[in-house]
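S.K.:
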Amino acid sequence: MSLQIQSNYNQELNKWDLKLEGEIDLFTASKLKAKIEEAYEINQSNIELDLTDLNYIDSTGLGVMIGAYGKMKENNKSIILLNPKDNIKKLLSITNLDKVLCP
Amino acid sequence: MSLQIQSNYNQELNKWDLKLEGEIDLFTASKLKAKIEEAYEINQSNIELDLTDLNYIDSTGLGVMIGAYGKMKENNKSIILLNPKDNIKKLLSITNLDKVLCP
Amino acid sequence: MSDILKLSVPGKPEYVGMVRLAISSLANHAGFDIEAIEDIKVAVSEACTNVVCHGQVGFCSSYEVDCEIGNNKLIISIIDQAGGYDINNYKEPNIDCPKQGGLGVFIIKALMDEVIICSDIGTGTSIKMVKYCK
Amino acid sequence: MSDILKLSVPGKPEYVGMVRLAISSLANHAGFDIEAIEDIKVAVSEACTNVVCHGQVGFCSSYEVDCEIGNNKLIISIIDQAGGYDINNYKEPNIDCPKQGGLGVFIIKALMDEVIICSDIGTGTSIKMVKYCK
Ligand SMILES: Nc1ncnc2c1ncn2[C@@H]1O[C@H](COP(=O)(O)OP(=O)(O)O)[C@@H](O)[C@H]1O
Ligand SMILES: Nc1ncnc2c1ncn2[C@@H]1O[C@H](COP(=O)(O)OP(=O)(O)O)[C@@H](O)[C@H]1O
Chain A
566 MSLQIQSNYN
576 QELNKWDLKL
586 EGEIDLFTAS
596 KLKAKIEEAY
606 EINQSNIELD
616 LTDLNYIDST
626 GLGVMIGAYG
636 KMKENNKSII
646 LLNPKDNIKK
656 LLSITNLDKV
666 LCP
Chain B
566 MSLQIQSNYN
576 QELNKWDLKL
586 EGEIDLFTAS
596 KLKAKIEEAY
606 EINQSNIELD
616 LTDLNYIDST
626 GLGVMIGAYG
636 KMKENNKSII
646 LLNPKDNIKK
656 LLSITNLDKV
666 LCP
Chain C
351 MSDILKLSVP
361 GKPEYVGMVR
371 LAISSLANHA
381 GFDIEAIEDI
391 KVAVSEACTN
401 VVCHGQVGFC
411 SSYEVDCEIG
421 NNKLIISIID
431 QAGGYDINNY
441 KEPNIDCPKQ
451 GGLGVFIIKA
461 LMDEVIICSD
471 IGTGTSIKMV
481 KYCK
Chain D
351 MSDILKLSVP
361 GKPEYVGMVR
371 LAISSLANHA
381 GFDIEAIEDI
391 KVAVSEACTN
401 VVCHGQVGFC
411 SSYEVDCEIG
421 NNKLIISIID
431 QAGGYDINNY
441 KEPNIDCPKQ
451 GGLGVFIIKA
461 LMDEVIICSD
471 IGTGTSIKMV
481 KYCK
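Right under this line is the structure:
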């Protein structure tokens, strides 16, 4: 019932890799928000969220991602999601967010 | 929240190997009882329960094991538990059942 | 006859995960497949999140999650005394123009087979959702 | 101030696992370590099992699991209307002479820091158990 985040800055490709593990809900979403903002403050570069080990997300977590997407787009930066599990894919598709977050 | 049991008869050593996976509680204990009785009917030999992947047991499951132990002892057969996890070890020790079931 | 299970949960973020766990265990026993269990988990979470987030200022008392495990269906009601809202003001999100927030009820309706929301301003809200077992 | 969480659960074997899951999530959030969480799970399970197994013939209505998540402690009460029993007749098991049955209350007392059992014959039983967070 918790969320672990590993963040790595990839010098070569000039992007952030954030690996999410666990669940994102109302209780853990603020952690994701803080980590994204922290990373973006250090290096204003693109962000990739690796969802391979993310088991659960709901609108609170999606909201954080949309929020980050909006802010980053203003600066011509992107945030994208990699390897979402089927349940998460379904939510991204229902909400049409796959169009912007999983190009 | 469920219990899987794999049973194998070891011809060479003339014993049953039962591998338990999951949880044994009031809901699943009858499955263990049935499997032990079934095995014992086919071959009246010693039984080893491999608990490596058993995550949970309570008095209902322990009761099934004590019951089997009693019946088998009458016929000079043994039932023993292998590789219990720490939480299960603790219960076996509190109830003193390690003395008879984990020799 | 169906079984009735009720939870009374403090209106705080840290307990939503517990409700989700309990509900997924129920749905599992009721015979739903993995996809349906996930749907139910998300829908219930969204409803609980709404209570916790939109309850009137200072709301932190408890809300109720009532489950009826019937033949081939699960009925879940989330009932709060958190002040209610005007459901006539509700607007579906424009999903072609993603914005933060406003997705909860939309997701619940997409994932569950039947959804009925009643809200009484000054009192509270109840949302009843049904999922059929295929 | 402590948080209060209540479950009302049908008196059937298939729901004991759900109670266990819910309680372990609570204990986890309350800051207990893995060993203590396991202790609490087993103790609660034993109490629920007793309700389901020893409730009077035909008992299959609901019992209550009340949790109080306090500062550094968790208080859990399992309350049934399943007919009660004479607690004066209770005998500790002789653990040097293993026999099937009779271990539940003994295990609960071994795993929890405080245990109080009240039973009213013809009505029901309540068992209150406390675990302190070290
Ligand atoms: N239980 C509730 N109590 C009070 N207001 C609610 C409740 N549920 C929903 N609402 C209102 O309905 C609106 C839409 O909810 P929703 O679709 O879940 O989006 P979001 O929660 O992201 O705003 C909320 O913004 C809120 O005003
Ligand atoms: N909730 C309850 N309702 C009725 N009787 C109970 C309840 N809890 C315990 N008992 C009685 O107390 C006895 C001892 O319980 P316990 O130590 O758990 O062992 P066991 O359940 O294996 O018999 C039970 O056999 C039963 O007669």
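Residue numbers (the working numbering), protein chains in the order written: chain A, 566 to 668; chain B, 566 to 668; chain C, 351 to 484; chain D, 351 to 484.
Where is the CB? At the ideal position from N, CA and C, for every residue including glycine.
The structure presented is a predicted model; accordingly, all values stated were derived computationally and were not measured.
1) Do Ile437 of chain D and Cys468 of chain D count as a contact pair if the criterion is CB distance below 9 Å?
2) Could you give the first and the last residue of the continuous beta strand (DSSP E) run that contains Cys398 of chain D?
3) How about Glu414 of chain D: is its C-beta nearer than 9 Å to some C-beta of chain B?
4) Can you find a C-beta in chain D that's less than 9 Å from the C-beta of Lys600 of chain B?
5) Can you give the Cα-Cα distance for Ile457 of chain D and Tyr435 of chain D, rounded to whole angstroms?
6) What residues from chain A crowd round Gln406 of chain C, counting only those whose CB sits closer than 8 Å?
7) Answer with yes or no whether the minimum CB distance from Asn573 of chain B to chain F is below 9 Å.
8) Quick check on Val369 of chain D: does DSSP put it in helix, strand or coil?
9) Give the residues of chain C in contact with Lys362 of chain D, contact being defined as C-beta atoms less than 8 Å apart.
10) Against chain C, does Ser375 of chain D count as a neighbour if the rule is that its beta carbon must be under 9 Å from one of theirs?
11) Where do the N-terminal and C-terminal ends of the alpha helix (DSSP H) with Asp651 of chain B fall, by residue?
12) Comparing alpha-carbon positions, which option in D:Arg370, D:Asn422, D:Ile428, D:Ile419 lies nearest Met412 of chain D?
13) Please state if the CB of Lys642 of chain B and the CB of Ile612 of chain B are separated by a distance shorter than 9 Å.
14) Go to Thr625 of chain A, then tell me how far its alpha helix (DSSP H) extends in each direction, as first and last residue.
15) Does any heavy atom of ligand 2 sit closer than 8 Å to the C-beta of Leu453 of chain D?
16) Out of A:Asn608, A:Leu646, A:Asp623, state which residue places its alpha-carbon closest to the alpha-carbon of Gln450 of chain C.
17) CB of Glu414 of chain C to nearest heavy atom of ligand 1: below 8 Å?
18) Hey, could you find the ends of the beta strand (DSSP E) Leu355 of chain C is sitting in?
19) What does Gly451 of chain C reach in chain D if we use C-beta pairs closer than 9 Å?
20) Looking at Gly434 of chain C and ligand 1, is the gap between the Cβ and the nearest heavy atom below 8 Å?
21) Is the number of C-beta pairs between the segment 378 to 389 of chain D and the segment 378 to 396 of chain C that are closer than 8 Å three or more?
22) Which of helix, strand or coil does DSSP assign to Lys598 of chain A?
23) Counting pairs of beta carbons, one from the segment 600 to 615 of chain B and one from the segment 572 to 591 of chain B, are three or more of them closer than 8 Å?
24) Using the beta-carbon count (16 or more within 10 Å), is Ser567 of chain A buried or exposed?
25) Let's see if you can read the secondary structure: which residues bound the alpha helix (DSSP H) around Leu578 of chain B?
26) Does DSSP put Tyr605 of chain B in a helix, a strand or coil?
27) Name the one or two DSSP bridge partners that Asp436 of chain D has.
28) Rounded to whole angstroms, what's the CA-CA distance from Ser358 of chain C to Thr625 of chain A? Just pull it up for me.
29) Give me the chain B residues within the contact set of Glu388 of chain D, using Cβ-Cβ distance strictly less than 7 Å, ordered along the chain.
30) Out of B:Lys650, B:Lys596, B:Gly635, which one is the CA nearest neighbour of Asp618 of chain B?
31) Name the chain C residues that come within less than 9 Å of Ile660 of chain A, Cβ to Cβ?
32) Have a look at D:Val455, D:Arg370, D:His404 and flag the residue whose alpha-carbon is nearest the alpha-carbon of Asn620 of chain B.
33) Considering only the alpha carbon of each residue, which of D:Ile390, D:Ile354, D:Ser395 lies closest to Cys483 of chain D?
34) For Gly472 of chain D, count the other beta carbons within 10 Å of its own beta carbon; 16 or more makes it buried, fewer makes it exposed. Which is it?
35) Is the distance from the Cβ of Leu453 of chain D to the Cβ of Leu616 of chain B below 9 Å?
36) Check the Cβ-Cβ distances between Ile612 of chain B and every residue of chain D, and say whether any is below 9 Å.
M.R.: In short:
1) yes
2) First-last for Cys398 of chain D: 384 to 404, but that is the alpha helix (DSSP H), not the beta strand (DSSP E).
3) no
4) no
5) 19 Å
6) Chain A residues near Gln406 of chain C: none, gap ~17 Å exceeds 8 Å.
7) Structure shown: chain F not included; protein chains present are A, B, C and D.
8) helix
9) Asp353
10) yes
11) 651 to 659
12) Just to set this straight, residue 412 of chain D is Ser in the shown sequence, not Met. Minimum Cα distance to Ser412 of chain D is reached at D:Ile428.
13) yes
14) 624 to 639
15) At least one heavy atom of ligand 2 is nearer than 8 Å to the Cβ of Leu453 of chain D, so yes.
16) A:Asp623
17) no
18) 353 to 360 is the span of the beta strand (DSSP E), which, as asked, contains Leu355 of chain C.
19) Per Cβ cutoff of 9 Å: no residues; Gly451 of chain C is ~26 Å from chain D at best.
20) yes
21) no
22) helix
23) yes
24) exposed
25) Element bounds for Leu578 of chain B: n/a, residue is neither H nor E.
26) helix
27) None; Asp436 of chain D has no bridge partner.
28) Rounded to the nearest angstrom, the two C-alpha atoms are 22 Å apart.
29) Asn652
30) B:Lys650
31) The question names Ile, but residue 660 of chain A in the sequence shown is Thr. Near Thr660 of chain A (Cβ distances below 9 Å), the residues of chain C are Pro443, Ile445, Pro448, Leu453, Phe456, Ile457, Ala460.
32) D:Arg370
33) D:Ile390
34) exposed
35) No, the Cβ-Cβ distance between Leu453 of chain D and Leu616 of chain B is not below 9 Å.
36) no
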